[in-house]
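Under the working numbering, the first residue of the sequence shown is numbered 19, with each subsequent residue one higher.
This report concerns only the one structure given below.
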Amino acid sequence: SPISPRSPISPRSPISPRSPRGSSTSFLSSFDRDEMVVAAHDRMMYNRQRSQLKHHMQLSARYSGSDFMSRGELSLAAKLAGMDHVLTEEKLDLFFNPRESPRGAVKDGAANWRHINKALAPQMAQRPEATATASYRTKRLTATTKRVQAAEPKLVPEVHAAPATYPSSPDPFESIDPLELEKFHMVLPTHFTTRFAEMRRAFRMLDQTQSGMLSRNEVKLGVHLFNLLVGSTPAGD
């Protein structure tokens with residue numbers, strides 16, 4: 019964000035980095051880290067805006083053919099460069115007042131843009147406002163916390179798969195009475211020997227898949243084949 023002026027800029031006494039008032043080294047040493055960063059940012063933004071203002075003033079002088087510009091032209095150039103917070107009405111009064119400006123800097127109500135550009139040279143570094151420093155410190159700490167969290171290895175909880183469970187197969191003879199089952203054990207051999215010459219041939223006929231074992235459907239087929247009833251319903255139902 020653009021810096022705000024800390025002290026009036028006197029057109030009669032331009033201040034430049036080459037001729038600071040006092041020792042800047044000892045003053046900067048009192049800054050903490052965040053204050054130095056904010057001060058550097060403010061100085062960078064000020065220099066950028068001052069460079070844009072100089073460009074606008076040069077264009078105005080080129081088109082008018084004169085190094086002198088009116089108050090309205092300077093005010094417009096300051097707004098275009100984003101320096102209207104620096105060139106306030108009070109500062110404009112100083113620049114366009116012959117008594118407050120060097121000889122020859124003001125003529126016929128117009129000010130020399132070169133004198134204005136020189137007077138707006140950066141001053142000695144100033145301590146940033148406490149609110150600006152606090153805002154930057156909060157953003158810096160937030161960004162640091164996010165970087166640290168992103169660098170930390172993420173612990174993935176170990177997931178143990180539950181043992182596979184399979185549904186138990188229903189017992190087709192669960193609802194059959196033991197006495198009734200014993201009766202069928204006696205009846206089945208008679209039916210087999212009556213229908214087939216030998217037991218092996220009957221088993222092979224019912225074993226349609228040739229697996230050597232009779233499935234539920236194959237047993238059910240044999241029960242229906244021999245018209246065997248379990249209770250009031252056919253076996254397997």
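Ideal Cβ placement from N, Cα and C applies to all residues, glycine included.
On a predicted model such as this, the values are computed, not experimentally measured, just so you know.
State the DSSP-derived secondary structure class of residue i, mapped to helix, strand or coil.
i	result
K172	coil
N115	coil
V104	coil
M142	coil
M63	helix
V124	strand
M231	coil
A129	strand
S47	coil
D225	coil
D52	helix
T183	coil
V237	helix
E198	helix
H178	coil
E91	helix
Can residue i and residue j be called in contact, C-beta distance under 8 Å?
i	j	result
A137	N130	no
S88	L110	no
G127	F113	no
A96	L71	yes
A99	H74	yes
Y154	D50	no
Please report how far the alpha carbon of residue i lies from the alpha carbon of residue j, in whole angstroms.
i	j	result
A79	F86	7 Å
N235	A179	35 Å
R222	Q228	7 Å
L105	Q167	45 Å
E118	T160	48 Å
Q67	G83	24 Å
P196	L173	59 Å
T163	K157	10 Å
R165	P171	12 Å
S238	V205	In the sequence as presented, Ser is not what sits at residue 238; that position holds Lys. Their backbone Cα atoms lie some 16 Å apart in a straight line.
V177	T183	18 Å
T149	A139	25 Å
E108	D102	11 Å
N65	A169	37 Å
Say the cut is 7 Å; is the CB of residue i nearer than that to a heavy atom of the ligand FAD?
i	result
Q141	Inclusion of the ligand FAD in the displayed structure is not the case, the ligand content being empty and no account of it being possible.
Looking only at DSSP bridge pairs, what is residue i linked to?
i	result
F86	N130
Query - Stretch pair the segment 45-60 + the segment 137-145: three plus CB contacts closer than 8 Å - result: yes
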